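Here the structure is laid out as structure tokens; the discussion comes afterwards.
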Ligand code: ADP
């Protein structure tokens, strides 16, 4: 039996870690996962213990390694990906100082204000692609200095979650641009730490690891890790990408083909659009990050998408399936006979960047029923995506989107999104995730492809049929009016 060459990918998610092995055709031949707890020590705080990540990752890799042995598969390299923005604080010996605050942690309001006081917003956006954002890593460091000065004094290194895994596996500290651009202090044009931004905050660039390419080897698997997992010692570990970038890689999205982006109808709605150059929205209303292929991408995030439908079902119709709710909504026309839903159940990111926005149904009468409520909710989420896309469109060359996420099962929802955005939306024959992207990023180092672009072209899913767009003219007009009545004209920046 000839050995089957594979690369491995890790995705360090918020609920658990996933490990996959991909063959040279991009097919998953083995997968394993482990979960870990989310700590919420105070309202608005979300943390995880890096030690829990380490235990879960080593257990998942041992599980994967066992499966590979049975298959006769030989791992050639391992790529990393994971939740962005978290902060792992390490002392001079590389020991973890405190639990890591995560991407959705809300404790940093005062730190964000301090950053905005010390670095003019327009300057920060021009350099780093983003305004100061509560969840990013940089404000967490500023928070630590203020709130836990003893911990700050011991801090010699701050790592992103997946880069901490790289350190654990190889003993080397490094990061790569796609995740590093979610810190809030990476100069996007140079893809290195912005010493002026850090200097204005009195922070040393030495706190942060070296930035290498996403497809570069960080180091080899340590002997103790090899012994514990059964994987080969010195297995090359590749820097990888932040979870959005790695998911983009898995979908074959590349800045060499900036006309194809993606829309994910998951708990939140995410628009991912590749770009060749670092051109931010001057108001910072959508994110600009480095992509893992050496280019860039815009990211628009609307906080309520499939999560809003889940909420409606849980609260109003717990006994009814999603398909039945969507069938009721399909019989209701554009504009839901005058009912409008503003979907801001959790505030909004793109483009409003306002945590204080709230949801609302308006225009209800005795004639309306559950189908109208659901239809208005779907239309509202599509209009929220359109508001984000209005900021992205002039900056990008995107002409079609690949659909992902739980909501993409519905033709109605995709048709409304396609109609609202004015773009063709296509399903794909499979839906690979960030762990697959991490494994693809490891393929050049494994020698399976001469470069990343070959791997990206060969391994992406095949686009399926375009979903027929549905009219949303009335829905969008009602959305604009309802937003204006409740919140006034959209703020520009
Ligand atoms: P997450 O962001 O948590 O990974 P998923 O992408 O798995 O979320 O999406 C789950 C959501 O997908 C559910 O909450 C629901 O809103 C939506 N969903 C599930 N089934 C359907 C369906 N048949 N049609 C439309 N939406 C669906």
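Residue numbers (full-length UniProt numbering): 1 to 493. Note that beta-carbon positions come from the ideal geometry of N, C-alpha and C, so glycine has one too. Everything numeric in this text was worked out from a predicted model, so none of it was measured.
Closer than 6 Å: residue i CB and nearest the ligand ADP heavy atom
{"i": "residue 309", "result": "yes"}
{"i": "residue 323", "result": "yes"}
{"i": "residue 365", "result": "no"}
{"i": "residue 409", "result": "yes"}
{"i": "residue 405", "result": "yes"}
{"i": "residue 376", "result": "no"}
{"i": "residue 266", "result": "yes"}
{"i": "residue 511", "result": "As shown, the chain starts at 1 and ends at 493. That puts residue 511 outside it, with no answer to give."}
The beta strand (DSSP E) enclosing residue i, as first and last residue numbers
{"i": "residue 31", "result": "28-35"}
{"i": "residue 427", "result": "425-428"}
{"i": "residue 270", "result": "269-275"}
{"i": "residue 217", "result": "217-220"}
{"i": "residue 408", "result": "Unbroken run through residue 408: none, as it is neither H nor E."}
{"i": "residue 242", "result": "236-242"}
{"i": "residue 177", "result": "Counting along the chain, residue 177 falls outside any beta strand (DSSP E), though it belongs to the alpha helix (DSSP H) covering 177-180."}
{"i": "residue 205", "result": "Counting along the chain, residue 205 falls outside any beta strand (DSSP E), and DSSP gives it neither H nor E."}
{"i": "residue 11", "result": "4-12"}
{"i": "residue 261", "result": "260-265"}
Range covered by the alpha helix (DSSP H) that runs through residue i
{"i": "residue 389", "result": "370-392"}
{"i": "residue 115", "result": "109-118"}
{"i": "residue 444", "result": "443-446"}
{"i": "residue 463", "result": "First-last for residue 463: 463-466, but that is the beta strand (DSSP E), not the alpha helix (DSSP H)."}
{"i": "residue 51", "result": "50-71"}
{"i": "residue 225", "result": "223-229"}
{"i": "residue 139", "result": "137-147"}
{"i": "residue 454", "result": "452-459"}
{"i": "residue 328", "result": "322-330"}
{"i": "residue 45", "result": "Note, residue 45: premise wrong, no alpha helix (DSSP H); not H, not E."}
{"i": "residue 313", "result": "306-316"}
{"i": "residue 128", "result": "121-128"}
{"i": "residue 131", "result": "First-last for residue 131: undefined, no H or E at that position."}
Beta-bridge pairing of residue i - partner residues as DSSP gives them
{"i": "residue 89", "result": "158"}
{"i": "residue 187", "result": "192"}
{"i": "residue 287", "result": "299"}
{"i": "residue 361", "result": "341"}
{"i": "residue 94", "result": "BP columns for residue 94 are empty, so no partner."}
{"i": "residue 172", "result": "Answer is none; residue 172 lacks a bridge partner."}
{"i": "residue 348", "result": "354"}
{"i": "residue 20", "result": "9, 31"}
{"i": "residue 77", "result": "7"}
{"i": "residue 82", "result": "12, 242"}
{"i": "residue 366", "result": "For residue 366, which the question treats as bridged, DSSP gives no partner whatsoever."}
{"i": "residue 211", "result": "175"}
{"i": "residue 255", "result": "Answer is none; residue 255 lacks a bridge partner."}
Sequence-distant residues of its chain with Cβ nearer than 6 Å to residue i (five each side left out)
{"i": "residue 493", "result": "Confidence at residue 493 is low in this model, with a pLDDT of 47, below 50, so its placement is unreliable and the value that follows should be read with caution. These residues qualify, in order along the chain: 283."}
{"i": "residue 461", "result": "428, 429, 430"}
{"i": "residue 485", "result": "none"}
{"i": "residue 198", "result": "185, 205"}
Cβ shell of residue i (< 8 Å), same chain only, five flanking positions each side left out
{"i": "residue 412", "result": "326, 329, 330, 378, 470"}
{"i": "residue 51", "result": "96"}
{"i": "residue 490", "result": "351, 352, 387, 483"}
{"i": "residue 313", "result": "320, 322, 325"}
Residue nearest to residue i in terms of C-alpha spacing, selected from the options
{"i": "residue 129", "options": "454, 335, 300", "result": "300"}
{"i": "residue 437", "options": "16, 28, 408", "result": "28"}
{"i": "residue 475", "options": "303, 454, 335", "result": "335"}
{"i": "residue 441", "options": "456, 224, 37", "result": "456"}
{"i": "residue 228", "options": "54, 447, 315, 359", "result": "54"}
{"i": "residue 357", "options": "368, 370, 342", "result": "342"}
{"i": "residue 452", "options": "481, 416, 249, 369", "result": "249"}
{"i": "residue 400", "options": "467, 472, 409, 311", "result": "467"}
{"i": "residue 494", "options": "449, 168, 447, 380", "result": "Because the chain spans 1 through 493 in this model, residue 494 falls outside it and cannot be assessed."}
{"i": "residue 407", "options": "192, 310, 395", "result": "310"}
{"i": "residue 365", "options": "337, 355, 374, 385", "result": "337"}
{"i": "residue 148", "options": "170, 118, 98, 115", "result": "98"}
{"i": "residue 202", "options": "23, 73, 118", "result": "118"}
{"i": "residue 137", "options": "87, 164, 40, 464", "result": "87"}
{"i": "residue 315", "options": "296, 349, 374, 236", "result": "374"}
{"i": "residue 515", "options": "267, 423, 417, 391", "result": "Absent from the structure is residue 515, since the part of the chain shown begins at 1 and ends at 493."}
Other residues of its chain near residue i: CB distance less than 7 Å, five sequence neighbours each side excluded
{"i": "residue 63", "result": "32"}
{"i": "residue 189", "result": "278"}
{"i": "residue 125", "result": "131, 280, 282, 284"}
{"i": "residue 389", "result": "271, 300, 421"}
{"i": "residue 346", "result": "303, 304"}
{"i": "residue 383", "result": "420, 475, 476, 479"}
{"i": "residue 234", "result": "220, 221"}
{"i": "residue 14", "result": "38, 83, 102"}
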